[in-house]
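**Student:** Can you read through this structure? Questions will come right after.
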């Protein structure tokens, strides 16, 4: 089942790699014209990595952000594994060479117009097991299950993007 | 009946009495303990894992713990329990809160004093406590009958 899922993700990545990024940037948000999803322009709203379970975690941060009606919306959420895979597909569609940092996803996102994108892993909302969540690595572009008990960065999205 | 048989019967009797004492009196402080432990569900939302243990049959017949809640007062854990009397008369109890950190270590060990609680016939009352500091992730409400 896991292998099948990985194959699906790989196929998805390949499919996405032909789709070029098409964002409309606003002051605080970026609208993905391909999917309709709205991403927060600042790829590190909390200003530091967050944990999944515990005080001051991802859930609490999203709750407070929605209570504050950030950028006029109250439905911000953690992107799913597929949504993040699509995002990384945009970055890799511009070319990727593991020996050239300028081509790494986090650099691509920065050059597209996003801010505070880190060369590290980001949370997705997709759970793999009771102790693992899927995360997105913005160095290698790999989206894979990782231990849940570690802190990762948080990049928020809203809308359903038709997926 | 032989002396050996009588000795065996007496031995079983002593064992029974000791077992009964152990069951009724040695299962911790005679009373009840309602505990709530902070945990997080799969979405990361804060939840409370609740547990109620009665160590006294008499108390269990007198009182029922109908609800246990917890919330945050700023950064401090606040606990609340609703207690209902099963009796038609007025009953007297004592209670106190104990607080524990994420590792299960007691905070300000032994600092909480016993407080009186009067329950009229079939009455429901709530008792509340606030953690001494923000390390608290678990509480125990201890209830006992006065001496």
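Protein chains in written order, with the numbering used here: chain D, -19 to 143; chain Z, 353 to 499. Built from N, CA and C at the ideal position, the CB exists for glycine as well.
1) To the nearest angstrom, report how far apart residue 459 of chain Z and residue 102 of chain D are at their CA atoms.
2) Alpha carbon to alpha carbon, how far is residue 76 of chain D from residue 89 of chain D?
3) Leaving out five residues before and five after residue 422 of chain Z in sequence, what residues of the same chain have Cβ atoms less than 8 Å from its Cβ?
4) What residue range does the alpha helix (DSSP H) around residue 89 of chain D cover?
5) Under a three-way DSSP split, which group does residue 492 of chain Z fall into?
6) Flag residue 424 of chain Z as yes when its Cβ comes closer than 8 Å to any non-hydrogen atom of the ligand NAP, and as no otherwise.
7) Taking residue 392 of chain Z as the query, report the chain D residues whose CB atoms sit under 8 Å from its CB, ordered along the chain.
8) Would you mind sorting residue 84 of chain D into buried or exposed? The rule is 16 or more other CB atoms within 10 Å of its CB.
9) Would you kindly check if the distance between the Cβ of residue 479 of chain Z and the Cβ of residue 493 of chain Z is under 9 Å?
10) Take the Cβ of residue 476 of chain Z as the centre, count every other Cβ of all protein chains shown within 10 Å, and call the residue buried at 16 or more, exposed below.
11) Following the continuous beta strand (DSSP E) through residue 73 of chain D, name the residue where it begins and the one where it ends.
12) Give me, in chain order, the residues of the same chain whose beta-carbon lies closer than 8 Å to that of residue 473 of chain Z; leave out the 5 immediate sequence neighbours on both sides.
13) With a floor of 3 residues, list each beta strand (DSSP E) that falls wholly inside the segment 384 to 415 of chain Z, ordered by position along the chain.
14) Once DSSP output is grouped into helix, strand and coil, what is the label at residue 42 of chain D?
15) For the segment 85 to 135 of chain D, which segments carrying the beta strand (DSSP E) assignment without a break, of at least 3 residues, lie completely within its bounds, in sequence order?
16) Name the chain D residues whose beta carbon is nearer than 7 Å to that of residue 396 of chain Z?
17) Along the beta strand (DSSP E) that carries residue 429 of chain Z, what are the first and last residues, could you check?
18) Just to confirm the assignment, what range does the beta strand (DSSP E) spanning residue 10 of chain D have?
**Tutor:** Straight from the coordinates:
1) About 35 Å.
2) 13 Å
3) 388, 390, 400, 429, 430, 431, 432 and 491
4) 85 to 92
5) Three-state DSSP puts residue 492 of chain Z in a strand.
6) The ligand NAP is not among the ligands present in this structure, which contains no ligands whatsoever.
7) 32, 33, 34, 37 and 39
8) buried
9) yes
10) exposed
11) That residue, residue 73 of chain D, is in no beta strand (DSSP E); its alpha helix (DSSP H) goes 61 to 73.
12) Result list for residue 473 of chain Z: 437, 439, 440, 441 and 442, in chain order.
13) Fully enclosed beta strand (DSSP E) runs of 3 or longer: 384 to 392 and 398 to 406.
14) helix
15) 101 to 109, 112 to 117 and 123 to 127
16) 32, 33, 37, 38 and 39
17) 428 to 437
18) 9 to 12
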